[in-house]
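Visitor: Our numbering numbers the first residue of the sequence shown as 8 and each following residue consecutively. This is the structure I have questions about; it appears just below.
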Amino acid sequence: MKKCVTTVLVLCLYGCLFGISVPAQTKKTIAVKKIATKNVAKRGTLEMVFVIDTTGSMGGLIDGAKQKVWSIVNDVMQKPSRPAVRVGLVAYRDQGDAYVTQVLPLTDDLDKVYTTLMAYQASGGGDEPENVRRALADGVYKAGWTKSEKELAQIIFLVGDAPPHEDYTNEPDTLTTTAAAVRKNMIVNTIQCGSLAGTIQFWQNIARRGEGKYFAIPQDGGVAAIATPYDARLAELAGKVGETYLAYGGGSGVAGTEFRSLLQANQVTIEARVVEALPVATQADRAVNKAINSSAYAKDLIQDIENETVKLEQVKKEDLPDDLQKLSLAERQKEIEKRLAERKKVRTEILELSKKRDQFIAAERQKTGVKNAFDAAVAIALKDQLQRKGIR
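Written as C-alpha cells, this is what we have:
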C-alpha cells in the first residue's frame with residue numbers, strides 16, 4: 008500500500024505530453040495513496056524558476072533556453088557541494104493572447120522541463136508592454152516553492168524585452184511582488200533581451216528590489232551552440248544509461264505487472280521522443296546530467312539502490328520486475344550488481360568525455376569572446392547567489 012503517488016502523476020503528465028495512455032487502475036492510486044513531503048534541502052538545493060516572455064519577439068531567446076537548460080543545471084550540480092536542482096517555468100504573454108501565463112511548478116524531472124520548453128513557441132504580443140505583473144506574481148506564488156530553510160537557494164530569473172502594463176491595476180505591482188519574494192528569502196534577477204528603453208528602468212528596479220542582478224543581453228539571447236567531436240558519443244551513451252533503468256513497485260497480480268510495464272515502456276518512449284527533438288550538442292549536455300543527477304529517473308530500482316534510499320532485500324517480491332521475482336535473493340543481488348556495474352561503466356565514460364568536451368568549449372569561447380549571453384548571465388548570478396545562501 009505504498010505506491011508512489013508522484014510516480015503516478017509523472018505517468019499521467021507524460022501521457023498528456025506524449026499521447027501515452029494510463030490505465031484506469033493506475034490512475035485510481037492517485038486518490039488513495041499519500042506520500043510524505045520530501046525535504047529537498049538536506050544536501051543543498053537550488054530551486055530556480057524562469058519567468059519567460061514568450062511573445063513573438065522572443066523566439067531567439069526561447070531557442071537558446073531550449074539548448075542551454077541542461078548545461079545550466081549541470082554547472083550547478085557539479086559544484087563542490089553537489090546541490091540538488093529543481094526547475095520551474097512561467098511562460099507569459101498578454102491579455103488577448105492565447106494565454107496570459109502557463110506555469111510548470113518546480114520539479115527535478117528535467118525531461119519534463121525540457122519537454123515544456125520545447126512546446127514554447129514565440130507568438131502573440133504586438134504592443135510593447137506585456138503582462139509582467141501577472142507573470143512575476145505567478146512565479147512567486149504558484150511555482151510550488153519549498154518552505155524556506157538553510158542551504159536552500161530560491162532564485163527567480165525574469166526574462167523579457169518589454170515593460171509591464173502599468174495600466175493593469177487589477178494585477179499586483181511588480182515591485183510589491185518582488186518585495187514579497189524577498190520576504191520569502193527568494194532572490195529576483197532580471198534579464199533584458201534587446202535594448203528597449205522603456206524596459207531598462209523597470210528591470211533594474213525589480214533586480215534592485217529583489218536583491219538580485221540585472222543583465223542586458225542581445226535580443227536573440229546571444230546563445231552560441233558549439234559543436235564538439237565528443238557530442239555524438241555522449242548522446243549515444245545517454246541512451247545506454249537509460250537502458251539500465253529498472254521499474255519497480257505496483258504490487259502483485261496483473262495490475263502490478265501492468266504498472267511496472269507501463270513505467271518501463273514510458274521510459275523508453277520518453278528517451279526516444281525527447282532525444283529526437285534535441286540537437287546533438289544538447290543531447291551531450293543531457294547525457295552528462297544523467298550521469299551526475301541522483302534523481303535522473305523516477306521509480307528506478309537501480310538508482311534507488313545506488314542512492315541507498317532502498318535495499319534490495321527490503322523490496323517486496325511482488326514489487327520487483329517479473330524477471331527478478333523468479334530469482335533467489337542471491338541471484339537477484341547478482342543481477343542488480345551486474346546492472347549497477349554497467350551503469351557505472353557508462354557513467355565513467357560520460358564524465359571522462361565531458362571533461363574533454365568542456366575544455367574544447369572553453370577554448371572555442373575564448374576565440375569568440377561572447378560573454379553577455381543568456382546562459383552566461385544565469386551562471387554569473389548563480390555563482391554569487393548560491394554562495395550567499397550557503398551552497399559552495
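Where is the CB? At the ideal position from N, CA and C, for every residue including glycine.
Do the segment 331-341 and the segment 293-303 make contact, defined as three or more Cβ pairs closer than 8 Å?
Guide: Not touching, per the Cβ criterion.
Visitor: Just grab the DSSP bridge partners of ILE198 for me.
Guide: By 1-based counting over the sequence shown, the position of residue 198 is 191. BP columns for ILE198 point to VAL166 and PHE222.
Visitor: Whose C-alpha, out of ALA380, TYR237 and GLN74, is nearest the C-alpha of LEU360?
Guide: Working through the sequence shown from its first residue, we reach residue 360 at position 353. Of the candidates ALA380, TYR237 and GLN74, the one whose C-alpha sits nearest the C-alpha of LEU360 is TYR237.
Visitor: Spatial neighbours of PRO6 within its chain, please: CB distance less than 7 Å, with the 5 preceding and 5 following residues excluded, ordered by chain position.
Guide: The chain is shown only over 8 to 399; residue 6 falls outside these bounds and no answer can be derived.
Visitor: Please report the straight-line C-alpha distance between GLU178 and ASP311, rounded to a whole angstrom.
Guide: By one-based count along the sequence shown, residue 178 stands at place 171. By one-based count along the sequence shown, residue 311 stands at place 304. GLU178 and ASP311: Cα-Cα distance of roughly 44 Å.
Visitor: For a quick check, are the C-beta atoms of ARG346 and THR235 less than 8 Å apart?
Guide: Sequence index remark: in the sequence shown, residue 346 carries index 339 (1-based). Sequence index remark: in the sequence shown, residue 235 carries index 228 (1-based). No, these two residues do not count as a Cβ contact at 8 Å.
Visitor: Pull up the CB-CB distance for SER88 and ARG399, whole angstroms please, since I reckon it's below 8 Å.
Guide: Indexing the sequence shown from 1 puts residue 88 at position 81. Indexing the sequence shown from 1 puts residue 399 at position 392. Going by Cβ atoms, the distance from SER88 to ARG399 rounds to 4 Å, so yes, they are a contact pair.
Visitor: Am I right that ILE224 and ALA380 are in contact with their C-beta atoms under 8 Å? What's the rounded C-beta distance?
Guide: Walking along the sequence shown from the start, residue 224 turns up at place 217. Walking along the sequence shown from the start, residue 380 turns up at place 373. ILE224 to ALA380, Cβ: 6 Å. Contact.
Visitor: Over the uninterrupted alpha helix (DSSP H) stretch that includes ILE343, give me the two end residues.
Guide: For this step, residue 343 is matched to residue 336 along the sequence shown. Element bounds for ILE343: 336-375.
Visitor: Kindly list the residues whose CB is nearer than 6 Å to the CB of GLY167, restricted to its own chain and excluding five residues on each side of it in sequence; keep chain order.
Guide: Indexing the sequence shown from 1 puts residue 167 at position 160. Same-chain partners within the cutoff: ASP60.
Visitor: Who are the Cβ neighbours of ALA187 in its own chain at under 7 Å, not counting the five residues just before and after it?
Guide: Counting from one through the sequence shown, the residue named residue 187 turns up at place 180. Counting only Cβ-Cβ distances below 7 Å, and skipping sequence neighbours, we find VAL147.
Visitor: In angstroms, rounded to a whole number, what distance separates the CA positions of GLN366 and SER78?
Guide: Here the question's residue 366 lines up with position 359 in the sequence shown. Here the question's residue 78 lines up with position 71 in the sequence shown. Using only the alpha carbons, I get a separation of about 14 Å.
Visitor: Under three-state DSSP, which class holds ARG240?
Guide: The residue you call residue 240 lines up with position 233 of the sequence shown. Three-state DSSP puts ARG240 in a helix.
Visitor: Measuring only the C-alpha atoms, how far is THR114 from ALA232?
Guide: Translated into positions along the sequence shown, residue 114 becomes position 107. Translated into positions along the sequence shown, residue 232 becomes position 225. Whole-angstrom Cα-Cα distance: 26 Å.
Visitor: Could you check the C-alpha separation between LYS157 and GLY397 for me, to the nearest Å?
Guide: Here residue 157 corresponds to residue number 150 of the sequence shown, with the count starting at 1. Here residue 397 corresponds to residue number 390 of the sequence shown, with the count starting at 1. Distance between the alpha carbons of LYS157 and GLY397 is about 8 Å.
Visitor: Check whether the segment 214-230 touches the segment 189-198, counting contact only when three or more Cβ pairs, one atom from each stretch, lie closer than 8 Å.
Guide: Result yes; three or more Cβ-Cβ pairs closer than 8 Å.
Visitor: Which residues does DSSP list as the beta-bridge partners of ASP292?
Guide: Counting from 1 along the sequence shown, the entry for residue 292 is found at position 285. In DSSP, ASP292 forms no bridge with anything.
Visitor: With distances taken Cα to Cα, identify the nearest neighbour of GLN109 among ALA142, TRP210 and ALA279.
Guide: For this step, residue 109 is matched to residue 102 along the sequence shown. Nearest option by C-alpha distance: ALA142.
Visitor: Hey, is VAL287 close to the ligand ZN, as in C-beta under 7 Å from one of its heavy atoms?
Guide: Ligands displayed in this structure: none; no statement on the ligand ZN is therefore possible.
Visitor: Please look up how many angstroms separate the CB atoms of ILE162 and GLN392, rounded, as I've assumed it's under 8 Å.
Guide: Taking the sequence shown and counting its residues from 1, one reaches residue 162 at position 155. Taking the sequence shown and counting its residues from 1, one reaches residue 392 at position 385. Right, their Cβ atoms sit about 6 Å apart.
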